[in-house]
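Below is one structure; the comments refer to it alone.
Protein chains: 4
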Amino acid sequence: MDRKVLKNHEKITFKIRDLEIGGDRPIIIAGPCSVESREQIIETAKALKEIGVDMLRGGVFKPRTSPYAFQGLGLEGLKYLKEASEITGLPIITECMEEKYLEVVSKYADVIQIGSRNMYNYPLLKAVSKMDKPVMLKRGISATIKEWVMSAEYLASEGKKNIILCERGVRGVDTYTRNLLDLTAVPIMQHETGLPVFVDPSHGIGIRELMLPMSKAAIACGANGLMLEVHINPDEALCDGEQSLTIEQYKELYDAITN
Amino acid sequence: MDRKVLKNHEKITFKIRDLEIGGDRPIIIAGPCSVESREQIIETAKALKEIGVDMLRGGVFKPRTSPYAFQGLGLEGLKYLKEASEITGLPIITECMEEKYLEVVSKYADVIQIGSRNMYNYPLLKAVSKMDKPVMLKRGISATIKEWVMSAEYLASEGKKNIILCERGVRGVDTYTRNLLDLTAVPIMQHETGLPVFVDPSHGIGIRELMLPMSKAAIACGANGLMLEVHINPDEALCDGEQSLTIEQYKELYDAITN
Amino acid sequence: MDRKVLKNHEKITFKIRDLEIGGDRPIIIAGPCSVESREQIIETAKALKEIGVDMLRGGVFKPRTSPYAFQGLGLEGLKYLKEASEITGLPIITECMEEKYLEVVSKYADVIQIGSRNMYNYPLLKAVSKMDKPVMLKRGISATIKEWVMSAEYLASEGKKNIILCERGVRGVDTYTRNLLDLTAVPIMQHETGLPVFVDPSHGIGIRELMLPMSKAAIACGANGLMLEVHINPDEALCDGEQSLTIEQYKELYDAITN
Amino acid sequence: MDRKVLKNHEKITFKIRDLEIGGDRPIIIAGPCSVESREQIIETAKALKEIGVDMLRGGVFKPRTSPYAFQGLGLEGLKYLKEASEITGLPIITECMEEKYLEVVSKYADVIQIGSRNMYNYPLLKAVSKMDKPVMLKRGISATIKEWVMSAEYLASEGKKNIILCERGVRGVDTYTRNLLDLTAVPIMQHETGLPVFVDPSHGIGIRELMLPMSKAAIACGANGLMLEVHINPDEALCDGEQSLTIEQYKELYDAITN
């Protein structure tokens, strides 16, 4: 693979506020798929903070298969997310799908997320490469290792190295799970790029009962962090409720992972 | 599938200049993967025009897996493409990957192409839905029928109906071919959306010797058009040379398809 | 690929009774997924014969995902199939899954079918390679071109060349169709082995309305024959009714293909 | 899924000699892909025994893609394997591909292995269901969860419950790894069948450097055992050398897993 910046075996670590990314301790990111209201995200953030969490997630720009599905609260949601961050002291991560919103997302969020559907959006990757803020690059829906490495190289080609990779499953032939979680990609991508690799079992599998065993497996094979969907009321979630953990399930998982 | 505009069984046809898209006669689009120079695109256009062709293709913004690969000539290439169009009288199609270039691409090109890597780029689809010009929506790299239909619905949601769908293969488990050409998608997408469906065997297969039999098959199952890569000197092409037809091979294919 | 018998470009043709396999005219095989009763197979055979057909198919040993699903009539079904053959003069093809039944299947049938689930059953392939009768080797459920070629080479390794290959779709990521019909495999397998290649759109797609366009496409890209499921009463079929053509649909397809 | 014997949530455990299968301690099976000679298998068994291992594996009937590749030592190899078992006291597992060899394999081996290529070989599964000996059922090359469950049900349909399932990767779109190891299948299959589920990372991944992290992950998500390829001289292995651990690498992995 034709790379100039990212190299095999040169382990990269960096800080987000006082969190060490790529260090010895796995980082736990949790929160709802979407910011649905001011109350929902603040209540969620407080509950997660009390149990234990490193970073808060919440989508405000949502890439949805249907143009008629809930598309996210947009800038309004970004402000709610920021308020939740200020109340709890948690850093926040949220997805940006468009170059024109990169500035504002950078202003509010601690980490810019590039979602699975945009892993091949090279103009967006080039624009993100110029931002100061750290970026999380999720794996494309059926991306090969090489394609994922090269998309990371797009981000790194201007010198940016505060990049987190996130495995979230690839499309498989079986509809039993939402996607096929490819944990082998964790040590492979660490080897190929030196970057920290997180795992999102929520999108990777889509069945909340499997979050606990597969989070343990992710940590066991060396994942540098987890990205989990948690909802205060999954049955009423506007998006992906069936894969979201309840607060109680999150507590059980958090305790199991951190002890 | 949750659709408001595109419906089953309502066949949609429209005109691009004097070409009827979705009509009885299959439309042949041909040209190089990339516009590489003024001479190359003009020479190609003249050669194709002499043999017979309906529309000229040529990429000027190229989505490449590597940030260090040839990224296209950009606006300069667009002007060369336009000049080739004016010399030969052929309408032109070219890919646009960014909202910020939609205006200029619309000004020069007869059809805006949304490439495979951008089928899930919903902000781009929404922006294209507001343009007057016809659009070709290529199938995503491993997109399901439903996802492709819903991306077309994004384009149509503001009333736009001059949409061409283009099958270009999905990712398969076998590396013998570049992708797995899914011709069954032709009648399925026609049934699900009423829109004209073209086939791009060049990207779908990646082996020039297979263009002739598979183009015949595409027409036989009802494809409304073909999109073919042709290069005046495939061995020196800056992109995808191995799948490009020579001018002579194109002539053989064109004669076989149109007689 | 490490082959000793099958070679590129040496086209192989052979006779089954007076049918030329691999010749200029595509061969049409039709019949029910399973032989369900003496009456059903005889009635089907007569109806097909009247419309036009080259060979009668009907399963008597059925590989079913569930051990509790109908497993076929076995030897009794083989006799009914033979009776239908004698009444109509049609040659017959049926699947054999076990070495111990090869002798009896060879005695009754004109062609021994090796089903998709047995493409990797190398002991069975070796046993079939020693039989005089022609054999049809269906492609494995997600077999690569190389694997399929090498399984054909198992059959040919003792000198057997009266082999028909049959494309029947590979497993894809989309559940819209039963499988992903890979028509590009037709010219590829003809090129790689020289053997005649048939197409089974019934299993390849699983939706009867798509049999007509995709049969046309198969013939257009050079398929040497078709294998179609037809049932006198698809709604009451014990197996795969939703993909079986009615007698009327078969007539429409047969007329379209042969005119 | 239409099951009569295997049910959700009823955990099944059983003994192989004094090993508890499905119990608290994960079982480690190791050995070469193929028995290549008397010396090789005895030397390997002694080395593994000294380090620590629960069961010895070694193929004597080998399903190979090419008819001209090494097909295994057959009954001679079975005797060498038995001798290695008697010298070390280790139970042995080996693959059987044909009904006609079931009796002899049952006589020598402690566990009969049904390989990936035979998961859909229903006549073989029915024959195995009648044997007293425990059986390991490997997942088919691109088998869905449902298909795998139903093949286990074929084995169980006559009351047999001493069945081990073994995940070994499914075919993926990326050739970076040999297969795509699907660890999520471990808790899913345990849930769906109650049976113990082992993991074979050697075939699942094909790169020996990844055996350690992915073995840890397998254990972490609840695998009841591991199946590992180990060769005293991988560079001279007749089969799959590149994925075999050296004795030293095995020791490192064994120590890491068991401490």
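Protein chains in written order, with the working numbering: chain B, 264 to 522; chain H, 264 to 522; chain P, 264 to 522; chain Y, 264 to 522.
Ideal Cβ placement from N, Cα and C applies to all residues, glycine included.
It should be emphasised that the depicted structure is a prediction, and the values quoted were computed from it without experimental measurement.
Should residue i be flagged as near chain P, meaning a C-beta pair shorter than 7 Å?
i, result
"Thr328(Y)", "yes"
"Gly488(H)", "no"
DSSP three-state call for residue i: helix, strand or coil?
i, result
"Gly321(P)", "coil"
"Gln334(P)", "coil"
"Glu421(B)", "coil"
"Val367(P)", "helix"
"Thr509(B)", "coil"
"Gly294(H)", "strand"
"Lys278(P)", "strand"
"Gly488(B)", "strand"
According to the neighbour-count rule (16 or more other Cβ atoms, all chains shown, within 10 Å of its Cβ), is residue i buried or exposed?
i, result
"Leu338(B)", "exposed"
"Tyr417(P)", "buried"
"Val323(H)", "buried"
"Glu361(P)", "buried"
"Glu430(H)", "buried"
"Arg402(P)", "buried"
"Asn442(B)", "buried"
"Asp395(B)", "exposed"
"Lys325(P)", "buried"
"Asn522(P)", "exposed"
"Arg471(Y)", "buried"
"Glu308(P)", "The question names Glu, yet the displayed sequence has Ala at residue 308(P). Buried."
Would you kindly work out how many angstroms separate the C-alpha atoms of residue i and residue j, rounded to a whole number?
i, j, result
"Asp525(P)", "Glu299(H)", "Residue coverage of chain P in this structure runs from 264 to 522, which leaves residue 525(P) outside it and unanswerable."
"Leu458(P)", "Cys359(Y)", "31 Å"
"Ala310(Y)", "Arg301(Y)", "14 Å"
"Tyr343(H)", "Val374(H)", "16 Å"
"Thr456(Y)", "Glu410(Y)", "12 Å"
"Leu446(P)", "Asn496(B)", "48 Å"
"Thr276(H)", "Tyr371(B)", "47 Å"
"Met264(P)", "Leu400(P)", "18 Å"
"Ser369(H)", "Lys345(H)", "12 Å"
"Gly352(P)", "Gly432(P)", "30 Å"
"Gly488(B)", "Lys270(B)", "21 Å"
With distances taken Cα to Cα, identify the nearest neighbour of residue i among the options.
i, options, result
"Ile284(Y)", "Gln506(Y), Thr509(Y), Gly485(Y) and Ala519(Y)", "Gly485(Y)"
"Lys389(H)", "Glu499(B), Gln334(B), Leu443(B) and Asn496(B)", "Gln334(B)"
"Ile426(Y)", "Ile408(Y), Tyr385(Y) and Ile377(Y)", "Ile377(Y)"
"Arg327(P)", "Ser414(Y), Gly504(Y), Leu491(Y) and Thr276(Y)", "Ser414(Y)"
"Gly234(P)", "Ile520(P), Arg266(P) and Ala347(P)", "The structure shown does not extend to residue 234(P), since chain P spans only 264 to 522, so no value can be given for it."
"Met318(B)", "Leu365(B), Asp498(B) and Val493(B)", "Val493(B)"
"Glu273(B)", "Gln453(B), Glu499(B) and Pro476(B)", "Gln453(B)"
"Ile292(B)", "Thr357(B), Arg266(B) and Gly422(B)", "Thr357(B)"
"Ile350(Y)", "Lys312(Y), Asp437(Y), Ile408(Y) and Tyr439(Y)", "Lys312(Y)"
"Ser227(B)", "Lys423(B), Pro450(B) and Thr307(B)", "Past the edges of chain B, shown from 264 to 522, lies residue 227(B), and the structure says nothing about it."
"Ala448(B)", "Asp437(B), Val436(B) and Asp463(B)", "Asp463(B)"
"Thr257(B)", "Val412(H), Ile451(H), Pro386(H) and Thr407(H)", "For chain B, the structure presents residues 264 to 522; residue 257(B) sits outside this window and is missing."
"Leu516(P)", "Pro397(P), Ser465(P) and Val398(P)", "Ser465(P)"
"Gly268(P)", "Ala483(Y), Leu475(Y) and Ser329(Y)", "Going by the sequence as given, residue 268(P) is Val instead of Gly. Here the closest residue by C-alpha is Ser329(Y)."
"Gly467(B)", "Glu499(B), Asp503(B), Asp498(B) and Ile520(B)", "Asp503(B)"
For residue i, would you say it is in contact with chain B, using Cβ-to-Cβ distances shorter than 7 Å as the test?
i, result
"Asn522(H)", "no"
"Pro450(Y)", "yes"
Output yes if chain H places a C-beta closer than 7 Å to the C-beta of residue i; else output no.
i, result
"Tyr439(P)", "yes"
"Pro459(P)", "no"
"Val412(P)", "no"
"Gly369(B)", "In the sequence as displayed, the identity of residue 369(B) is Ser instead of Gly. It does not: the Cβ of Ser369(B) has no partner Cβ on chain H nearer than 7 Å."
State yes or no: is the beta carbon of residue i nearer than 7 Å to at least one beta carbon in chain Y?
i, result
"Arg301(H)", "no"
"Asp463(P)", "no"
"Met477(B)", "yes"
"Val433(H)", "no"
"Leu446(B)", "yes"
"Asn442(P)", "no"
"Ile468(B)", "yes"
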